[in-house]
Amino acid sequence: MSFNTQVTRVPRIGTGWDSHEFKPGIPLRIGGVLLPHDSGLAGHSDGDVLLHALTDALLGAVAAGDIGSYFPPSDPKWKGADSAVFVGEALQQIAAKGYTVGNVDCTLVLAAPKIGPHAKAIQENVAKLLGVKAEQIGIKAKTPEGTGTDNAAIAQVVVLLVEIVWP
Ligand SMILES: [Zn+2]
154 MSFNTQVTRV
164 PRIGTGWDSH
174 EFKPGIPLRI
184 GGVLLPHDSG
194 LAGHSDGDVL
204 LHALTDALLG
214 AVAAGDIGSY
224 FPPSDPKWKG
234 ADSAVFVGEA
244 LQQIAAKGYT
254 VGNVDCTLVL
264 AAPKIGPHAK
274 AIQENVAKLL
284 GVKAEQIGIK
294 AKTPEGTGTD
304 NAAIAQVVVL
314 LVEIVWP
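Numbering-wise (my numbering), the sequence shown opens with residue 154 and increments by one.
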């Protein structure tokens, strides 16, 4: 068995999970994309369940805590905040440890709205936030069959981080 000795940092994997409850009459943002729907996601910041799970996956991959340790939900400063800020902080944390994003795979679980028509826009926006190509981001969606969570949106995200290779 042999290893490439030029690689000084092994790839690292991270996982993130989040859920938010739907609330009528507020905007719905998933992956930083505004989706047409009669209700949005309540809770921390703008309620962007996907970006929160992504932030946790990035932080988890370098064992750098979780979203709540950087942006406590009790701090009114983060009420209504753009969740892209959290992703930006997580990116700084991984870069500080010499890593960049290899690929990301996301699963959304929600009864409505249908994600299919918006999946490409979400994929492209998440790629933009991470500074990677769209092909490095997987966006999948399922309905919550039998889980009784029709009034919530759930996101599960897995990331693979690879060593930054300076040109
Ligand atoms: Zn959240």
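In this text, a Cβ means the ideal position worked out from N, Cα and C, and glycines have one as well.
Check residue i in the structure and name its three-state DSSP category.
{"i": "L263", "result": "coil"}
{"i": "G196", "result": "coil"}
{"i": "I317", "result": "coil"}
{"i": "H271", "result": "helix"}
{"i": "T208", "result": "helix"}
{"i": "K281", "result": "helix"}
{"i": "E174", "result": "strand"}
{"i": "V312", "result": "strand"}
{"i": "A287", "result": "helix"}
{"i": "G213", "result": "helix"}
{"i": "I166", "result": "strand"}
{"i": "G218", "result": "coil"}
Measure the Cβ-Cβ separation of residue i and residue j and say whether it is below 8 Å.
{"i": "W231", "j": "H205", "result": "no"}
{"i": "G213", "j": "G169", "result": "yes"}
{"i": "Y252", "j": "L203", "result": "no"}
{"i": "L207", "j": "V310", "result": "yes"}
{"i": "D201", "j": "I183", "result": "yes"}
{"i": "V312", "j": "G167", "result": "yes"}
{"i": "G185", "j": "L283", "result": "no"}
{"i": "L211", "j": "A243", "result": "yes"}
{"i": "A287", "j": "F175", "result": "no"}
Give me the Cα-Cα distance between residue i and residue j, rounded to the nearest whole angstrom.
{"i": "S227", "j": "D171", "result": "17 Å"}
{"i": "G255", "j": "G269", "result": "24 Å"}
{"i": "V215", "j": "I317", "result": "14 Å"}
{"i": "I292", "j": "D258", "result": "6 Å"}
{"i": "H173", "j": "D303", "result": "11 Å"}
{"i": "K273", "j": "A308", "result": "17 Å"}
{"i": "Q245", "j": "Q289", "result": "19 Å"}
{"i": "V163", "j": "D209", "result": "20 Å"}
{"i": "F239", "j": "K267", "result": "25 Å"}
Between residue i and chain C, is there a C-beta pair that is closer than 8 Å?
{"i": "I292", "result": "Chain labels in this structure do not include chain C; a single protein chain is all it has."}
Inset, instruction - Kindly confirm or deny that the region 259 to 274 and the region 288 to 299 touch, where touching means at least three C-beta pairs closer than 8 Å. - result: In short, these stretches touch, since the Cβ pair count reaches three.
Legend entry - Inter-stretch contact at 8 Å, needing at least 3 Cβ pairs: the region 264 to 281 / the region 210 to 228: no
Legend entry - Ranges of the beta strand (DSSP E) found wholly within the region 226 to 252, counting only runs of at least 3: none
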